[in-house]
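Trainee: The following block contains the structure, expressed as structure tokens.
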Amino acid sequence: MTTTDDGSGEARAALAALRALEAELPGEIELLGGFTDEQMDAWPVFVPAACRAVLREVGGIESEEWGTYAFGPAGAGGFDDGCLVVGETGYEGGQLVVGVGSAPRADWGPVLLLEPWGEEASVAEAPGFVGWLPALAGRLARGEDAWERSAGAATVAAVPSVRAAAADPGLARLAGPGHSLTDVVDLRALPGYPCALDWEPYHSTRHPTADTGSSEVAFTLAGDGQVLVIRSLVSGDFLGRPVERPAVPADAPRRAVTELRALAAELPELVTLGEGCTDEELDGWPVPLPADVRAVLRELTGVRIAGLEPLELRPGAAADRLPPELAEMLGGPGSFWPVAWLDRGRHPASLQVRIDQESGAWGHVVSVPGSVEQLAEWPEVSLLAESLPHLLLVLARTARGAAHRAATADGGVDAARFASRVRSALHHFLPNTGEPWVFPAPVRDWATAGDALRAGAAAALPGHALVADLREAPIPADLCFHRVRAWGHRARAERLHFLAGGRIVAVVPVA
Numbered sequence: 002m003t004t005t006d007d008g009s010g011e012a013r014a015a016l017a018a019l020r021a022l023e024a025e026l027p028g029e030i031e032l033l034g035g036f037t038d039e040q041m042d043a044w045p046v047f048v049p050a051a052c053r054a055v056l057r058e059v060g061g062i063e064s065e066e067w068g069t070y071a072f073g074p075a076g077a078g079g080f081d082d083g084c085l086v087v088g089e090t091g092y093e094g095g096q097l098v099v100g101v102g103s104a105p106r107a108d109w110g111p112v113l114l115l116e117p118w119g120e121e122a123s124v125a126e127a128p129g130f131v132g133w134l135p136a137l138a139g140r141l142a143r144g145e146d147a148w149e150r151s152a153g154a155a156t157v158a159a160v161p162s163v164r165a166a167a168a169d170p171g172l173a174r175l176a177g178p179g180h181s182l183t184d185v186v187d188l189r190a191l192p193g194y195p196c197a198l199d200w201e202p203y204h205s206t207r208h209p210t211a212d213t214g215s216s217e218v219a220f221t222l223a224g225d226g227q228v229l230v231i232r233s234l235v236s237g238d239f240l241g242r243p244v245e246r247p248a249v250p251a252d253a254p255r256r257a258v259t260e261l262r263a264l265a266a267e268l269p270e271l272v273t274l275g276e277g278c279t280d281e282e283l284d285g286w287p288v289p290l291p292a293d294v295r296a297v298l299r300e301l302t303g304v305r306i307a308g309l310e311p312l313e314l315r316p317g318a319a320a321d322r323l324p325p326e327l328a329e330m331l332g333g334p335g336s337f338w339p340v341a342w343l344d345r346g347r348h349p350a351s352l353q354v355r356i357d358q359e360s361g362a363w364g365h366v367v368s369v370p371g372s373v374e375q376l377a378e379w380p381e382v383s384l385l386a387e388s389l390p391h392l393l394l395v396l397a398r399t400a401r402g403a404a405h406r407a408a409t410a411d412g413g414v415d416a417a418r419f420a421s422r423v424r425s426a427l428h429h430f431l432p433n434t435g436e437p438w439v440f441p442a443p444v445r446d447w448a449t450a451g452d453a454l455r456a457g458a459a460a461a462l463p464g465h466a467l468v469a470d471l472r473e474a475p476i477p478a479d480l481c482f483h484r485v486r487a488w489g490h491r492a493r494a495e496r497l498h499f500l501a502g503g504r505i506v507a508v509v510p511v512a
């Protein structure tokens, strides 16, 4: 090998340690060939001078016992998600990764040992890649692999990305605005190395269900290695812990109307709005209309977006297809306001806003099965939005994103692609379509609850009811009562109860 000296003491130390390792364990350790400058120039990341000095000579380590540690894009995943994946365990899915990015800097880093299930500690091993290589060589020389965890005295806990984004605008610029099932670890100023990263996934496999086991965890590094983003991809599992929702803007009614009107003006063939009502007309509606709802209805009473069934907010418009028996099972007149009928495939659904009959407040927007038979046998609810204005904001932003992705070369929008994008993005408008599940509990478990809503539900409901608290659910979310073991194979629902505008949901089985 030709010695390359760019003046970097760390690079020289790393190369010396790697060569000593190969010499000490001949036949067990082999250093892989390096890369040319032309190859490194073609990589989609910035390669610092110290890294270049090492990578011109060594492209990785091949261990007879532990496999390959790749220092370039030949590794699993290449440079995906802001990471150079140095190695991974085949059966647990853990990864040894190095932060990379486009910004000029002195070294790649940090070096992270990431475990996807949260059962063993994830660790920030070192702040820089080149400086960490002698430690890797030392481990291999001692017969350890890179997966042996360092005994770090420091620990940093991951925080919900929603909370982090609200508290730290700088962090939000790096990691995004926040998502209910995503945590972040700020790697910019760790208290020391090695540093344990304390986190746990949001899903849980503790509760048996037909589809348990398909959930995953996705790691990305944002801001050129400054922030670790941990996303729980929940499919088939119940949620294992509460989540934090992004805040709905205080002026959501105004924003929703403004954004929908802008879309209708730009895309008149794809987005149309129903005319608003006067206050005199609204006074004649058969349900209370709080200020936030009136603010919307004065401006529009319907939304038609290509790819989605129409939302009709006027009296009777969305309720005509709702069977009277089903309406009674869902609480009866005055307890909800239907806004759309979803008729896809064999199982229709009713999209509705739940109304708190004590206060008159309009609460959560949900989707429920559209037939008595389906609801009785498969009691389930999809939580779609915190409120009607929130739902309209979701629709406006979904349509805006679909228009962007369906744009044509001449500046127009492909109508078929737009409709397909909208329908795909809002597939969860039907119940039980794979969103994170909220775990229902027997109502007797809430009998001594310190929370007023839970205690009130326990007092008001029959003892054999199952209950769920949607205040702790992400949006969107599935609530499938029939998935839990407590729901018998032959059980049938007598009715669904929605308390406090849908914040609490309960199913009462036929006795």
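No gaps in the numbering here: position 393 of the sequence shown is 394 in my numbering, and each next residue is one more.
For glycine and all other residues, C-beta sits at the position ideal for the given N, C-alpha and C.
#1: With H, G and I counted as helix, E and B as strand and the rest as coil, what does DSSP make of G1?
#2: Does the separation of the CB atoms of W527 and F239 fall below 8 Å?
#3: For the beta strand (DSSP E) that T156 lies in, which residues bound it at each end?
#4: For G502 versus W363, is the C-beta distance shorter than 8 Å?
#5: I'd like to confirm something about A219: is its beta-carbon nearer than 7 Å to some heavy atom of the ligand HEM, or not?
#6: Going by beta-carbon coordinates alone, are L137 and L188 separated by less than 8 Å?
#7: If we ignore side chains and look at the alpha-carbon of each, how far apart do G361 and V354 end up?
#8: If distances are taken between C-alpha atoms only, which option among V244, E201 and F499 comes closest to I476?
#9: When the Cα atoms are used, what is the spatial distance from G73 to L85?
#10: Can you tell me whether T259 is buried or exposed? The criterion is at least 16 other CB atoms within 10 Å of its CB, across all chains shown.
#11: Given a cut-off of 8 Å on the beta-carbon distance, is the pair F220 and D81 in contact?
#12: Counting contacts by CB-CB distance shorter than 8 Å, is R486 in contact with chain C?
#13: Can you find the residues in the same chain that come closer than 7 Å, C-beta to C-beta, to C1, ignoring five residues on each side of it along the sequence?
#14: If we ignore side chains and look at the alpha-carbon of each, how far apart do L301 and T273 end up?
#15: Assuming Q375 is part of the alpha helix (DSSP H), what are its boundary residues?
#16: What is the residue span of the beta strand (DSSP E) that L352 lies within?
#17: Please say whether A296 and P250 have beta carbons closer to each other than 8 Å?
#18: With H, G and I counted as helix, E and B as strand and the rest as coil, what does DSSP make of H180?
#19: Determine, using beta-carbon pairs with one atom in the region 378 to 388 and one in the region 481 to 496, whether at least three such pairs fall under 8 Å.
#20: Would you mind reading off the limits of the beta strand (DSSP E) that contains C481?
#21: I need the DSSP call for D7, collapsed to helix, strand or coil.
#22: Going by DSSP, name the residue or residues bridged to H498.
#23: Out of V112, R305 and A223, which has the shortest C-alpha to C-alpha gap to L393?
#24: What is the rounded straight-line gap between the Cα of G102 and the Cα of A223?
#25: For the structure I just gave you, are there three or more beta carbon pairs, one from the region 451 to 466 and one from the region 365 to 377, closer than 8 Å?
Mentor: Quick answer:
#1: Absent from the model: residue 1. The displayed extent of the chain is 2 to 512, so no value can be given.
#2: Residue coverage of the chain in this structure runs from 2 to 512, which leaves residue 527 outside it and unanswerable.
#3: The sequence position of residue 156 within the sequence shown is 155, counting from 1. It spans A155 to A158 - the beta strand (DSSP E) in which T156 sits, taken as one unbroken run.
#4: In the sequence shown, the residue the question calls residue 502 occupies position 501. In the sequence shown, the residue the question calls residue 363 occupies position 362. Going by C-beta atoms, G502 is nearer than 8 Å to W363.
#5: Absent from the structure shown: the ligand HEM. Ligands present: none.
#6: Along the sequence shown, read from residue 1 onward, the residue named residue 137 stands at position 136. Along the sequence shown, read from residue 1 onward, the residue named residue 188 stands at position 187. It is not a contact, given that the beta carbons lie outside the stated cut-off.
#7: Taking the sequence shown and counting its residues from 1, the one referred to as residue 361 is at position 360. Taking the sequence shown and counting its residues from 1, the one referred to as residue 354 is at position 353. When rounded, the distance between both Cα atoms is 12 Å.
#8: Your numbering for residue 476 matches position 475 in the sequence shown. When each option's Cα is compared against that of I476, the closest is V244.
#9: Counted from its first residue, the sequence shown places residue 73 at position 72. Counted from its first residue, the sequence shown places residue 85 at position 84. Their backbone Cα atoms lie some 7 Å apart in a straight line.
#10: Numbered from its first residue, the sequence shown carries residue 259 at position 258. Exposed.
#11: The residue given as residue 220 occupies position 219 in the sequence shown. The residue given as residue 81 occupies position 80 in the sequence shown. Contact flag unset, no.
#12: Absent from the structure: chain C. Only one protein chain is present.
#13: Residue 1 cannot be examined here, being either before or after the span of the chain that is shown, 2 to 512.
#14: One-based indexing of the sequence shown puts residue 301 at position 300. One-based indexing of the sequence shown puts residue 273 at position 272. In a straight line, the C-alpha of L301 is about 10 Å away from that of T273.
#15: Within the sequence shown, the letter at position 374 stands for residue 375. Note, Q375: alpha helix (DSSP H), V373 to E378.
#16: The residue labelled residue 352 in the question sits at position 351 within the sequence shown. Where L352 is concerned, the enclosing beta strand (DSSP E) stretches over A350 to I356.
#17: Locating residue 250 in the sequence shown gives position 249, counting from the first residue. Locating residue 296 in the sequence shown gives position 295, counting from the first residue. Taking 8 Å as the Cβ cut-off, P250 and A296 do not qualify as a contacting pair.
#18: As a first step, residue 180 must be located in the sequence shown, where it is residue number 179. The answer is coil: DSSP assigns H180 none of H, G, I, E or B.
#19: yes
#20: Working through the sequence shown from its first residue, we reach residue 481 at position 480. Segment A478 to C481, the beta strand (DSSP E) holding C481.
#21: The count along the sequence shown starts at 1 and reaches residue 7 at position 6. Confidence in D7 is poor, its pLDDT being 49 and thus under 50, which makes the residue's placement too unreliable to answer from.
#22: Taking the first residue of the sequence shown as position 1, residue 498 is located at position 497. For H498, which the question treats as bridged, DSSP gives the partners A507.
#23: Within the sequence shown, numbered from 1, the residue matching residue 393 stands at position 392. For the residues V112, R305 and A223, the minimum Cα distance to L393 belongs to R305.
#24: As a working note, residue 102 is residue 101 in the sequence shown. As a working note, residue 223 is residue 222 in the sequence shown. Between G102 and A223, the C-alpha separation is close to 9 Å.
#25: no
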